[in-house]
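Asker:
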Amino acid sequence: KTISVAIIGAGIAGLSCATRLKALGFTVQIYEKSRGVSGRMSTRKADDWSADHGAQYFTARDSLFIEEVNQWVDTDAAAIWNPRLRVYEAKQWRESVSSEHRYVGTPAMNSVGKHLARNLPIEFNQTIDRIAYNNSKWLLHSLEAGDIEQQFDWLVIALPAPQAQALAKSSDKSIEEIAADANMLGCWTVIANFAEKSDVPFDAAFINDEIISWISRNNSKPNRTGMETWTIHANPQWSQEWIELEKDEAAKRILNCAKTLGLDCDQAIITIHRWRYASGHINCIPGFRFREDLKIGFCGDWLHGGRVEGAWLSGHKLASQIANS
Ligand code: FAD
């Protein structure tokens with residue numbers, strides 16, 4: 089009989105962990121609270137536009153991850169994005185000088201997650217809100233479906249730190265302690281759709297010392313079709329400070345700032361999204377948390393540098409650790 093593993097969260101970390109565990113001969117089952125995969129590497133869609141409203145691009149530095157990204161590129165799940173990129177600093181614009189490859193999912197950011205998920209069993213609309221370890225088996229409870237019938241030999245929690253910790257709390261003290269607190273910050277995001285192409289002379293910009301920290305023309309990414317669409321991220325500290333603001337008020341302040349940067353959104357159709365747990369990480373070697381005696385592991389970006397690459401590596405390494413135990 090194969091060893092069974094439940095994985096909570098179908099973001100890049102959970103998908104990476106599940107893929108590797110499956111390749112190593114485990115039986116996996118993923119539970120995801122939303123309707124689709126990819127978590128914060130996601131895409132918001134409407135009839136005539138779509139926009140990556142979480143992760144904007146990713147880089148690849150670790151050789152394992154470079155190998156993985158090359159496969160995504162070979163299967164058209166990702167591609168290099170070459171934006172005309174600027175930096176705004178001390179109220180001055182300059183060109184960004186970095187030769188590092190920037191990758192995006194194609195045709196949308198969530199294509200990477202969809203690619204990873206294609207052969208994995210995932211139950212959607214399942215918010216796991218309680219876990220318990222009884223007689224060497226993990227039992228799960230979901231908000232939507234109540235007690236989950238299947239029991240598991242191992243449990244992987246692939247959630248942002250505060251959510252991982254809340255779930256661990258539902259179990260017992262020794263497990264709660266494994267999910268050390270990472271102070272994650274929110275991110276207010278505005279998506280602006282234009283009927284006409286805007287004449288802003290760049291495709292993306294890092295902004296320093298303003299409410300906004302990043303703006304980008306989504307349709308400058310490879311294989312995007314549809315309207316002229318910009319994604320605007322407020323900076324993490326400002327977002328966290330104003331996380332409880334009314335959506336319209338947050339948008340107003342962010343759009344005022346965008347105007348001073350040369351992106352006038354008065355004629356645009358505006359969509360606003362609040363990420364409660366966007367960024368933050370702790371120093372953790374080896375990049376995941378693990379308790380062999382309790383047959384539980386934690387993975388996610390917050391344990392491995394806080395980006396897409398780290399999330400993938402965290403899940404991958406945790407799977408190898410489980411297989412070696
Ligand atoms: P997540 O993607 O958060 O996955 C967790 C999953 O668990 C989600 O699908 C969630 O729905 C699900 N879930 C939560 N609670 C439960 C529950 N109780 N039961 C079941 N499922 C649950 N990274 C970069 O590399 N480059 C960038 O440019 C970049 N920009 C970013 C901008 C923003 C606004 C944000 C939000 C993030 C950005 N990141 C960026 C970070 C990157 O998105 C993350 O590092 C990475 O996607 C995290 O993956 P993960 O699997 O660890 O977590």
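Going by this note's numbering, the first residue of the sequence shown is number 89, and it counts up by one from there. We treat Cβ as the ideally placed atom computed from N, Cα and C, and that holds for glycine.
#1: Taking only three categories from DSSP, how would you classify ASN281?
#2: Is any non-hydrogen atom of the ligand FAD found closer than 7 angstroms to the C-beta of THR359, if you look at the structure I gave you?
#3: Quick one: grab the DSSP three-state call for HIS203.
#4: Under 8 angstroms Cβ to Cβ from LYS225, same chain only, skipping five residues before and after it: list those, please.
#5: Taking the Cβ atom as the reference point for each residue, do PRO209 and VAL116 lie within a distance shorter than 8 angstroms?
#6: Mind checking whether VAL278 and ASN198 have CB atoms under 8 angstroms apart?
#7: So TRP318 and ILE303 are in contact, right, with Cβ under 8 angstroms, and what is the actual spacing, rounded?
#8: State the Cα-Cα distance for the pair ALA346 and ILE300, rounded to the nearest angstrom.
#9: Which residue comes first and which comes last in the beta strand (DSSP E) that contains LEU173?
#10: Using DSSP with H/G/I as helix, E/B as strand and the rest coil, what is ASP140?
#11: Take LYS285 and list the residues in its own chain whose beta-carbon comes closer than 6 angstroms to its own, dropping the five residues that flank it on each side.
#12: Please determine whether the Cβ atom of ASP217 lies at a distance below 7 angstroms from any heavy atom of the ligand FAD.
#13: Between which residues of its own chain and LEU112 is the CB-CB distance below 6 angstroms, once the five residues before and five after are set aside?
#14: Can you determine whether any heavy atom of the ligand FAD sits closer than 7 angstroms to the C-beta of PRO374, and answer yes or no?
#15: Classify VAL185 as helix, strand or coil using the three-state DSSP reduction.
#16: Quick one: complete beta strand (DSSP E) runs, 3+ long, within the stretch 230-286?
#17: Within 7 angstroms: the Cβ of TYR119 and any heavy atom of the ligand FAD?
#18: Hey, which unbroken runs of the alpha helix (DSSP H) at 4 residues or more fall wholly within the stretch 292-341?
#19: From the DSSP secondary-structure annotation, give me the bridge partner or partners of TRP226.
Answerer: A quick look at the data gives this:
#1: strand
#2: no
#3: helix
#4: GLN239, PHE240, ASP241
#5: yes
#6: no
#7: 6 angstroms
#8: 7 angstroms
#9: 173-177
#10: strand
#11: GLU316
#12: yes
#13: ALA411
#14: no
#15: coil
#16: 242-245, 273-282
#17: yes
#18: 324-329
#19: TYR221, PHE240
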